[in-house]
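A.B. asks: When you read off a place in the sequence shown, starting at 1, and then add 399, the result is the number in the numbering used here. A virtual CB, placed ideally from N, CA and C, is assigned to each residue, including glycine. The structure displayed is predicted, hence computed values, not measured ones. A single structure is presented below for examination.
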Amino acid sequence: MKIAEELRKVLGEQATIITDPSVLPSYCRDQSQIAQSGNPAAVLLAKNEAEIALTMTFAYSNSIPIVARGAGSGLSGGANAIDGAIVISLEKMNQIIEVDTANLIARVEPGVINIELDKEVSKYSLAYLPDPASREWSTIGGNVATNAGGMCCVKYGVTAQHVRAIRMVTSDGSIVELGSPLKKSVTNLDLLHLIVGSEGTLGIITEITVGLAVRPKPATTLIATFASIDAAMKAVPELVALAPSMLEVVDATTLRAVEEWKPLGFEGVGTVLLMQSDESPEICAKGVEIAEKHGAIDATYSDDPKDSSDLIQVRKLAYPALERKGAALLDDVCVPISKISKLVTEVEKIASETGLLIGIFGHAGDGNMHPTIVYNHGDADAEAKAITAFNQIIKVAQNLGGTASGEHGIGSIKLESAHRESGEKIIELQRAIKKVFDPKGILNPGKKIP
Ligand SMILES: Cc1cc2nc3c(=O)[nH]c(=O)nc-3n(C[C@H](O)[C@H](O)[C@H](O)COP(=O)(O)OP(=O)(O)OC[C@H]3O[C@@H](n4cnc5c(N)ncnc54)[C@H](O)[C@@H]3O)c2cc1C
Numbered sequence: 400m401k402i403a404e405e406l407r408k409v410l411g412e413q414a415t416i417i418t419d420p421s422v423l424p425s426y427c428r429d430q431s432q433i434a435q436s437g438n439p440a441a442v443l444l445a446k447n448e449a450e451i452a453l454t455m456t457f458a459y460s461n462s463i464p465i466v467a468r469g470a471g472s473g474l475s476g477g478a479n480a481i482d483g484a485i486v487i488s489l490e491k492m493n494q495i496i497e498v499d500t501a502n503l504i505a506r507v508e509p510g511v512i513n514i515e516l517d518k519e520v521s522k523y524s525l526a527y528l529p530d531p532a533s534r535e536w537s538t539i540g541g542n543v544a545t546n547a548g549g550m551c552c553v554k555y556g557v558t559a560q561h562v563r564a565i566r567m568v569t570s571d572g573s574i575v576e577l578g579s580p581l582k583k584s585v586t587n588l589d590l591l592h593l594i595v596g597s598e599g600t601l602g603i604i605t606e607i608t609v610g611l612a613v614r615p616k617p618a619t620t621l622i623a624t625f626a627s628i629d630a631a632m633k634a635v636p637e638l639v640a641l642a643p644s645m646l647e648v649v650d651a652t653t654l655r656a657v658e659e660w661k662p663l664g665f666e667g668v669g670t671v672l673l674m675q676s677d678e679s680p681e682i683c684a685k686g687v688e689i690a691e692k693h694g695a696i697d698a699t700y701s702d703d704p705k706d707s708s709d710l711i712q713v714r715k716l717a718y719p720a721l722e723r724k725g726a727a728l729l730d731d732v733c734v735p736i737s738k739i740s741k742l743v744t745e746v747e748k749i750a751s752e753t754g755l756l757i758g759i760f761g762h763a764g765d766g767n768m769h770p771t772i773v774y775n776h777g778d779a780d781a782e783a784k785a786i787t788a789f790n791q792i793i794k795v796a797q798n799l800g801g802t803a804s805g806e807h808g809i810g811s812i813k814l815e816s817a818h819r820e821s822g823e824k825i826i827e828l829q830r831a832i833k834k835v836f837d838p839k840g841i842l843n844p845g846k847k848i849p
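Written as structure tokens, this is what we have:
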């Protein structure tokens, strides 16, 4: 069957269906360097929920795989195309439908870019808090489908904590509403939160209702330097107890990469901790005392917005500073915060055994670390070594009581790790749930669920 032609008959001439071989590749991959991708039969740039429902009904009848795609900023191959699939891109469904200031909620289409919603609600002194570093281009649909995290999670939680309800097209083309715009509702099983983080394997999200917050005050920023990761991590539990709105760490390897590129004055420093409080400068003053008590070389804070943005530069430059040194393979593991220091030490061992450059930075306040492996572009041996190191790091994290992914998801690149972590019974339950939502296994097959 010519899938694109048949789909055109179902949707009509006004539908935007891409089959041009020179355009298709831009819808085939996300940002993962190592995930496989296939050749889709067609890409639908969906304009509305009705088109998606018709497409799903068609795909269900003909057992055609479907891959949902937001902005393609994912890092696990989740949105990567599969041979013969229809990719449904949500990028054109990008309307903010309603901002309800009385009930502190907003209703959006899935293709709305995260930061655009925050900008819109800021007009009412409100905020959409989830802040993945990709918020300037990732979509809220993608954020919900991956349960995206970010720097604010230490205080405000992950995307799941901000989603109230969704509309979703199921694998057979039915339309369902899950969750409730209300702040409290326990009438049904919490199916909404089965979908959050399901990476396009249980349904296509077509509308999202999110909770909004009163816009926090501009943050005060603390920076503290330490001789070692151990010293820095001893301060972290007491800093977390101050309820910071951000608590980040940058390790020595990453600091060296930043210094080589844009010197900020961190030569010889072992670790940097950055903390923000959106409550009061006094919180950061207490933070300085805590950092000094734990042997900080230097600790200071500022409530001047310009200074704050200068102080967090080092964290913002962490990934690009490593990336400019070669191909960068970004890992995403989460460990108990008491184990961050051990994780860093073990990753340093892997780096010295393999000769790879591995910088580590991440969210110290919740244990979600991003060891970043750098290897030579186009060097197949180096890439194979990097992939081995990537998987070794996950094992180290799991052995420390951690998890294979804190926020980037499983996609197709961490299935084995997810299997190892989950155990047979949990895998069996997940497969059973998948069967209920997707009996023909057409929704993003080969992703998320081992
Ligand atoms: C520089 C950079 C920084 C990043 N920082 C962070 C960070 O701080 N925190 C974080 O969590 N992630 C981060 N990411 C990863 C990525 O941005 C997130 O996973 C993001 O949520 C993906 O959104 P997207 O719109 O790009 O989705 P895509 O990459 O297009 O898709 C992601 C997954 O969601 C599914 N999906 C997308 N839309 C829908 C829908 N409407 N219905 C059903 N399924 C859907 C896809 O099938 C896929 O499995 C970063 C990525 C980059 C490149």
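Can you pull the DSSP bridge partners for Phe457?
C.D. replies: On the sequence shown, residue 457 is found 58 positions in, with the first residue counted as 1. The partner list for Phe457 (beta bridge, DSSP) is empty, contrary to what the question assumes.
A.B. asks: Tell me whether the beta-carbon of Lys616 lies closer than 8 Å to the beta-carbon of Asp677.
C.D. replies: As a first step, residue 616 must be located in the sequence shown, where it is residue number 217. As a first step, residue 677 must be located in the sequence shown, where it is residue number 278. Going by C-beta atoms, Lys616 is nearer than 8 Å to Asp677.
A.B. asks: Out of Met645, Glu606, Ser811, which has the shortest C-alpha to C-alpha gap to Ile622?
C.D. replies: Start at 1 with the first residue of the sequence shown, and residue 622 comes out as number 223. Taking only the C-alpha atoms, the option nearest Ile622 is Met645.
A.B. asks: Given 7 Å as the limit, tell me if Gln430 has its C-beta closer than that to any heavy atom belonging to ligand 1.
C.D. replies: As a position in the sequence shown, residue 430 is number 31, starting the count at 1. The answer is yes for Gln430.
A.B. asks: Quick check on Gly483: buried or exposed, where buried means 16 or more other Cβ atoms within 10 Å of its Cβ?
C.D. replies: In the sequence shown, counting from the first residue as 1, residue 483 sits at position 84. It counts as exposed.
A.B. asks: For Gly596 and Val543, what's the separation of their Cα atoms in angstroms?
C.D. replies: On the sequence shown, position 197 is the one that residue 596 refers to. On the sequence shown, position 144 is the one that residue 543 refers to. Their backbone Cα atoms lie some 6 Å apart in a straight line.
A.B. asks: Does DSSP classify Tyr426 as helix, strand or coil?
C.D. replies: Within the sequence shown, the letter at position 27 stands for residue 426. Three-state result, Tyr426: helix.
A.B. asks: Buried or exposed: where does Gly393 fall if 16 or more other Cβ atoms within 10 Å of its Cβ makes it buried?
C.D. replies: Any property of residue 393 remains undetermined from this structure, which presents the chain solely from 400 to 849.
A.B. asks: Measuring only the C-alpha atoms, how far is Trp660 from Ala720?
C.D. replies: In the sequence shown, the residue the question calls residue 660 occupies position 261. In the sequence shown, the residue the question calls residue 720 occupies position 321. Approximately 7 Å between the Cα atoms of the pair.
A.B. asks: In the DSSP assignment, what residue or residues form a beta bridge with Ala852?
C.D. replies: Only positions 400 to 849 of the chain appear in this structure, which leaves residue 852 out of reach.
A.B. asks: Can you tell me where the alpha helix (DSSP H) holding Leu721 begins and where it ends?
C.D. replies: Reading the sequence shown from its first residue, position 322 is the one you call residue 721. Segment 712–722, the alpha helix (DSSP H) holding Leu721.
A.B. asks: Just to confirm the assignment, what range does the alpha helix (DSSP H) spanning Ser740 have?
C.D. replies: Here residue 740 is taken as the residue at index 341 of the sequence shown, counted from 1. 739–753 is the extent of the alpha helix (DSSP H) around Ser740.
A.B. asks: Would Trp536 and Ile512 be called neighbours here (beta carbons separated by less than 8 Å)?
C.D. replies: Position 137 of the sequence shown, counted from the first residue, corresponds to residue 536. Position 113 of the sequence shown, counted from the first residue, corresponds to residue 512. Yes, these two residues count as a Cβ contact at 8 Å.
A.B. asks: Just reading off the beta strand (DSSP E) that Gln675 is part of, what are its end residues?
C.D. replies: Walking along the sequence shown from the start, residue 675 turns up at place 276. That run of the beta strand (DSSP E) goes 670–676.
A.B. asks: Which two residues bound the contiguous alpha helix (DSSP H) that contains Ala501?
C.D. replies: By one-based count along the sequence shown, residue 501 stands at place 102. No alpha helix (DSSP H) holds Ala501; DSSP gives it neither H nor E.
A.B. asks: Measure the C-alpha to C-alpha separation of Ile416 and Ile463 and round it to an integer number of angstroms.
C.D. replies: Here residue 416 is taken as the residue at index 17 of the sequence shown, counted from 1. Here residue 463 is taken as the residue at index 64 of the sequence shown, counted from 1. If you take the alpha carbons of Ile416 and Ile463, they lie about 16 Å apart.
A.B. asks: If the criterion is Cβ atoms closer than 8 Å, does the pair Ile485 and Ala452 meet it?
C.D. replies: Taking the first residue of the sequence shown as position 1, residue 485 is located at position 86. Taking the first residue of the sequence shown as position 1, residue 452 is located at position 53. Not a contact, by the Cβ cut-off of 8 Å.
A.B. asks: If you pair each beta-carbon of the stretch 645–654 with each one of the stretch 699–706, do three or more pairs fall below 8 Å?
C.D. replies: Cβ pair count under 8 Å is below three, so no.
A.B. asks: Who does Met768 pair with in a DSSP beta bridge?
C.D. replies: Numbered from 1 along the sequence shown, position 369 holds the residue referred to as residue 768. Bridge partners of Met768: Val732, Gly761.
A.B. asks: Measuring straight from C-alpha to C-alpha, what distance separates Lys741 and Thr605?
C.D. replies: Numbered from 1 along the sequence shown, position 342 holds the residue referred to as residue 741. Numbered from 1 along the sequence shown, position 206 holds the residue referred to as residue 605. If you take the alpha carbons of Lys741 and Thr605, they lie about 42 Å apart.
A.B. asks: Is the separation between the beta-carbon of Ala695 and that of Phe625 shorter than 8 Å?
C.D. replies: For this step, residue 695 is matched to residue 296 along the sequence shown. For this step, residue 625 is matched to residue 226 along the sequence shown. Taking 8 Å as the Cβ cut-off, Ala695 and Phe625 qualify as a contacting pair.
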